[in-house]
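In what follows, a structure is listed as structure tokens, so that the remarks can point back to it.
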Amino acid sequence: MHSSTYLTLDGDVRQMRQADIDALSGRISGGLLGRGDKGYDDARKVWNATVDHRPALIARCMSDADVQAAVRFAGEQRMRLSVRGGGHHIAGNAVVEGGLTIDFSGWRTVAVDAARRTARVAPGALLADFDREAQAHGLATPLGINSTTGVAGLTLGGGFGWLSGKHGLSCDNLLSAEVVTADGEILRASAEEHADLFWALRGGGGNFGVVTAFEFRTHPVGDAVMAGPTFWPIEQTPEVMRFFREFITAAPRAVNGFFALMTVPPVDLFPPELHLRKVAAIMWCVVGSEEEASRYLAPVHDVGTPLLHGVGAVPHAALQSLFDGLYTPGLQCYWRADFVNEITDEAIEKHLEWGQKLPTMHSTMHMYAINGAAHDVGPADTAFSYRDANFAEVIFGVDPDPANADTLRDWCIGYYDDTHEYSAGGAYVNFMMEEGQERVRATYRGNYDRLARIKAQYDPNNVFRINQNIQPAKAAG
Ligand SMILES: Cc1cc2nc3c(=O)[nH]c(=O)nc-3n(C[C@H](O)[C@H](O)[C@H](O)COP(=O)(O)OP(=O)(O)OC[C@H]3O[C@@H](n4cnc5c(N)ncnc54)[C@H](O)[C@@H]3O)c2cc1C
Numbered sequence: 337m338h339s340s341t342y343l344t345l346d347g348d349v350r351q352m353r354q355a356d357i358d359a360l361s362g363r364i365s366g367g368l369l370g371r372g373d374k375g376y377d378d379a380r381k382v383w384n385a386t387v388d389h390r391p392a393l394i395a396r397c398m399s400d401a402d403v404q405a406a407v408r409f410a411g412e413q414r415m416r417l418s419v420r421g422g423g424h425h426i427a428g429n430a431v432v433e434g435g436l437t438i439d440f441s442g443w444r445t446v447a448v449d450a451a452r453r454t455a456r457v458a459p460g461a462l463l464a465d466f467d468r469e470a471q472a473h474g475l476a477t478p479l480g481i482n483s484t485t486g487v488a489g490l491t492l493g494g495g496f497g498w499l500s501g502k503h504g505l506s507c508d509n510l511l512s513a514e515v516v517t518a519d520g521e522i523l524r525a526s527a528e529e530h531a532d533l534f535w536a537l538r539g540g541g542g543n544f545g546v547v548t549a550f551e552f553r554t555h556p557v558g559d560a561v562m563a564g565p566t567f568w569p570i571e572q573t574p575e576v577m578r579f580f581r582e583f584i585t586a587a588p589r590a591v592n593g594f595f596a597l598m599t600v601p602p603v604d605l606f607p608p609e610l611h612l613r614k615v616a617a618i619m620w621c622v623v624g625s626e627e628e629a630s631r632y633l634a635p636v637h638d639v640g641t642p643l644l645h646g647v648g649a650v651p652h653a654a655l656q657s658l659f660d661g662l663y664t665p666g667l668q669c670y671w672r673a674d675f676v677n678e679i680t681d682e683a684i685e686k687h688l689e690w691g692q693k694l695p696t697m698h699s700t701m702h703m704y705a706i707n708g709a710a711h712d713v714g715p716a717d718t719a720f721s722y723r724d725a726n727f728a729e730v731i732f733g734v735d736p737d738p739a740n741a742d743t744l745r746d747w748c749i750g751y752y753d754d755t756h757e758y759s760a761g762g763a764y765v766n767f768m769m770e771e772g773q774e775r776v777r778a779t780y781r782g783n784y785d786r787l788a789r790i791k792a793q794y795d796p797n798n799v800f801r802i803n804q805n806i807q808p809a810k811a812a813g
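So, in structure tokens, the structure goes:
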């Protein structure tokens, strides 16, 4: 283990004492890595390859005791601290420059209790881990659409996916969480215990402590759902978006779909004549039979002139990994996001313009529906404030080639600047890059002050600040 310098919470550079490092190393059962150690460079990688943070130490935590030791160590040293679930967040805050990173990539167990329809999930579990274990019992919980995403970060930011119309956000299905707080204590948060903390964890991100276990409610999904895309020529974007905004907000809860401006990837799944063609698309998921899917989606065939309608039976767990081959870890990424109440005709014209300028094959714009069960929960019922929004939009500049980084950024910012005025104000925290305090406040709106008070109670010194940060409320007087 190499001794090294580190960054304090105040940004000062300090030297670490070898004796302190050795003491911590003895307490982390998964091992402690320092700069230059074997495995260090792999362990510091996150999904977005534009992020290149070099922590002073990486603690590979496998137990509550490991996490307690790491949190206490960071506290004693006033060291910057980050927490890595699946490492997918685009801002790259999972790994901290010059500080201590708690790395959960080795702690991924998922235990499903089929009789109770619950699942206990370790903090490093990826969606793939959860989906595999749940699908074995014909069960699932709403999670995202890319199976290499971490359950932890996704859920703490809110989380939505194919099943959200029917079963709500991921955080709505959280029954309890075990948390190591800033002072190294272990708490259980649920509707009955530390209910304020439980409220804050459901959308408030990693601000309140390190979650070491998540307990979820699960739902039957059977052997298969009906899923797949409809593609239209990109010139038909206005027609398709107008249809989508009406259809998806009124659709039965079993129907979910997100709108995309995208380039058809050159894979066997799609006819060669569509390869690399820019399209307007809706990706569908119907929790129901083939007959129900045909019935529910019948109006789709009357919209424009579809190039392809490829909805068929697929196990939910397989659907979850549909995009894995396209969106692999290690891509260059630049994102911007907004919540949207109404997709206006004026905004649609801008989407058409920027969709026609998609800069690379991987770049895309997704408009996810927030509807059905996600609307049953009120804006103040959990920390996730934008319950009244109808859509979460993300502009997704992505490419494997670092030489294209500026092109991605310019397209993304240009698109965002041109469409932000049609948004509801804030953005989904899990889609935001480093965009400053005002943006975080805009995202939590009326919930921000309550979050700040809870933060002051559980993390008064803002130890957990390498995130979309909620600052502790100042004591009155
Ligand atoms: C290709 C792609 C597709 C996506 N699709 C969706 C989607 O369909 N739906 C959706 O909702 N989101 C989606 N996301 C966004 C996703 O929700 C976020 O990236 C989320 O943060 C990922 O969680 P993670 O654990 O992998 O991230 P990490 O980067 O590991 O963590 C993000 C942050 O969460 C906090 N955190 C993580 N683990 C813990 C813990 N155990 N305790 C306390 N704090 C913790 C930390 O502050 C950390 O910085 C997508 C992202 C990508 C890249």
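Here the sequence shown is numbered in the working numbering, starting from 337 and rising by one per residue.
Where a beta carbon is used, it is the ideal one built from N, C-alpha and C, also for glycine.
{"Item": "Length at least 3, wholly inside the region 367 to 437: the beta strand (DSSP E) runs in chain order", "Value": "368 to 370, 393 to 396, 417 to 420"}
{"Item": "His-687 burial status per 10 Å Cβ neighbour count (16 or more: buried)", "Value": "buried"}
{"Item": "Contact the region 408 to 420 vs the region 429 to 447: 3+ CB pairs below 8 Å", "Value": "yes"}
{"Item": "Local Cβ density within 10 Å of Thr-566, reported as buried at 16 or more and exposed below that", "Value": "buried"}
{"Item": "Any non-hydrogen atom of ligand 1 closer than 7 Å to Arg-786 Cβ", "Value": "no"}
{"Item": "Boundaries of the alpha helix (DSSP H) in which Lys-810 is found, first to last residue", "Value": "Counting along the chain, Lys-810 falls outside any alpha helix (DSSP H), and DSSP gives it neither H nor E."}
{"Item": "Cβ-based burial, Ala-427 [other Cβ within 10 Å; buried from 16]", "Value": "buried"}
{"Item": "CB contact flag (Val-600, Leu-612, <8 Å)", "Value": "yes"}
{"Item": "Inter-stretch contact at 8 Å, needing at least 3 Cβ pairs: the region 691 to 700 / the region 755 to 774", "Value": "no"}
{"Item": "Rounded Cβ spacing between Phe-732 and Met-701 (contact assumed at less than 8 Å)", "Value": "7 Å"}
{"Item": "Check: Phe-595 C-beta below 7 Å from any heavy atom of ligand 1", "Value": "no"}
{"Item": "Local conformation of Trp-568 per DSSP, three classes", "Value": "strand"}
{"Item": "Span separating the alpha-carbon of Cys-621 from that of Val-639", "Value": "18 Å"}
{"Item": "Distance between Val-403 and Ala-673 (C-alpha atoms, nearest Å)", "Value": "32 Å"}
{"Item": "Given Val-734 as reference, the closest of Glu-469, Gly-714, Asp-754, His-698 once Cα atoms are compared", "Value": "His-698"}
{"Item": "Those runs of the alpha helix (DSSP H) which lie wholly inside the region 565 to 643 and span at least 4 residues", "Value": "573 to 586, 626 to 632"}
{"Item": "Segment limits, alpha helix (DSSP H) that includes Gly-691", "Value": "681 to 691"}
{"Item": "Spatial neighbours of Gly-813 in its chain, beta-carbon cut-off 7 Å, leaving aside the 5 residues before and after", "Value": "A caution first: Gly-813 carries a pLDDT of 48, below 50, which makes its placement in the model unreliable, though a value can still be read off. Result list for Gly-813: empty, nothing under 7 Å."}
{"Item": "Closer than 7 Å: Trp-535 CB and nearest ligand 1 heavy atom", "Value": "no"}
{"Item": "Neighbour-count burial assignment, Gly-714, 16 or more Cβ in a 10 Å radius", "Value": "exposed"}
{"Item": "Reduced DSSP secondary structure (H/G/I, E/B, other) of Trp-671", "Value": "strand"}
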